[in-house]
Amino acid sequence: MDPLPNPGYSTREKEDEALGEFLKRLERLENAVATLQSSQANAAEKLETPPATGQEPTEVDSSEEAKPRKWPTLFGTLRWFFRDVAPEIRGMLSMFFDPRYELGVWNRVAIFTLLALVVTTAWWVPFASIPIAGFCLDRVMMILTAYFLIKLLIGESRRYRQHAPALPESLRWPGKGERE
Numbered sequence: 029m030d031p032l033p034n035p036g037y038s039t040r041e042k043e044d045e046a047l048g049e050f051l052k053r054l055e056r057l058e059n060a061v062a063t064l065q066s067s068q069a070n071a072a073e074k075l076e077t078p079p080a081t082g083q084e085p086t087e088v089d090s091s092e093e094a095k096p097r098k099w100p101t102l103f104g105t106l107r108w109f110f111r112d113v114a115p116e117i118r119g120m121l122s123m124f125f126d127p128r129y130e131l132g133v134w135n136r137v138a139i140f141t142l143l144a145l146v147v148t149t150a151w152w153v154p155f156a157s158i159p160i161a162g163f164c165l166d167r168v169m170m171i172l173t174a175y176f177l178i179k180l181l182i183g184e185s186r187r188y189r190q191h192a193p194a195l196p197e198s199l200r201w202p203g204k205g206e207r208e
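So the sequence shown is numbered by the numbering used here: it starts at 29 and just counts up by one.
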């Protein structure tokens, strides 16, 4: 039994429409291939010719003597210390002695315990009495405990500077975008 024919749309029209779409796609593909071939030819041509040199060499006036190198001074290299670390230490000290700010009990205990551990590492580090290895082990443990002490102090100092009222501007924690 034959399928019912569609009265408004014949199979011949469908084939013609499909052929038209196919020809359009084929034309687009041919254009894309031609574009690729021309760009590859340009790229190959660019590779064959060396690039032009940069600036022309300039003559140096030999009458000027080379200036001696200026060595950094001790104060110049330690400028970051006075700009960054000194206000941090002032903030930490004012945190301890400000009666308006209450340092947490556990933080206060941890700070003083870590400070005592840093000072007394030679007494509590095992094998610290061995001449060379003990000294190195003692210094490693001192650096580790000092690191944790500094991290705790910096965190508590940041909290103090954010929440303490009437702090001078030099001790106040900068807002977003203000910190370098």
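Cβ coordinates follow ideal geometry from the N, Cα and C atoms, glycine included.
Just so it is clear, the structure is predicted and the values come from calculations on it, not from any experiment.
Continuous alpha helix (DSSP H) stretch holding residue 158: start and end: Here residue 158 corresponds to residue number 130 of the sequence shown, with the count starting at 1. Element bounds for residue 158: n/a, residue is neither H nor E.
Rounded C-alpha distance that separates residue 53 from residue 86: Counted from its first residue, the sequence shown places residue 53 at position 25. Counted from its first residue, the sequence shown places residue 86 at position 58. So the two alpha carbons sit approximately 57 Å from each other.
For the pair the segment 174 to 183 and the segment 134 to 149, tell me if three or more CB-CB distances fall below 8 Å. yes
Interface flag, residue 167 vs chain C, CB-CB below 8 Å: In the structure shown, chain C cannot be found, because there is only a single protein chain.
Is the beta carbon of residue 156 less than 8 Å from the beta carbon of residue 165? On the sequence shown, residue 156 is found 128 positions in, with the first residue counted as 1. On the sequence shown, residue 165 is found 137 positions in, with the first residue counted as 1. Their beta carbons are under 8 Å apart, which means residue 156 touches residue 165 by this criterion.
Pairwise C-alpha distance: residue 185 and residue 135: As a first step, residue 135 must be located in the sequence shown, where it is residue number 107. As a first step, residue 185 must be located in the sequence shown, where it is residue number 157. Rounded to whole angstroms, residue 135 to residue 185 spans 11 Å at the Cα level.
What do you get for residue 128, buried or exposed, if any count of 16 or more other CB atoms within 10 angstroms of its CB means buried? Walking along the sequence shown from the start, residue 128 turns up at place 100. Residue 128 comes out exposed.
Going by alpha carbons, who is nearest to residue 125 out of 113, 50, 188 and 43? Counting from 1 along the sequence shown, the entry for residue 125 is found at position 97. Selected option, being the one with the closest Cα: 188.
Less than 8 Å separating the beta-carbons of residue 131 and residue 120? Residue 131 sits at position 103 when you count from the first residue of the sequence shown. Residue 120 sits at position 92 when you count from the first residue of the sequence shown. No, Cβ-Cβ distance for residue 131 and residue 120 is not below 8 Å.
Between the alpha carbons of residue 170 and residue 110, how many angstroms are there, rounded? Here residue 170 is taken as the residue at index 142 of the sequence shown, counted from 1. Here residue 110 is taken as the residue at index 82 of the sequence shown, counted from 1. In a straight line, the C-alpha of residue 170 is about 25 Å away from that of residue 110.
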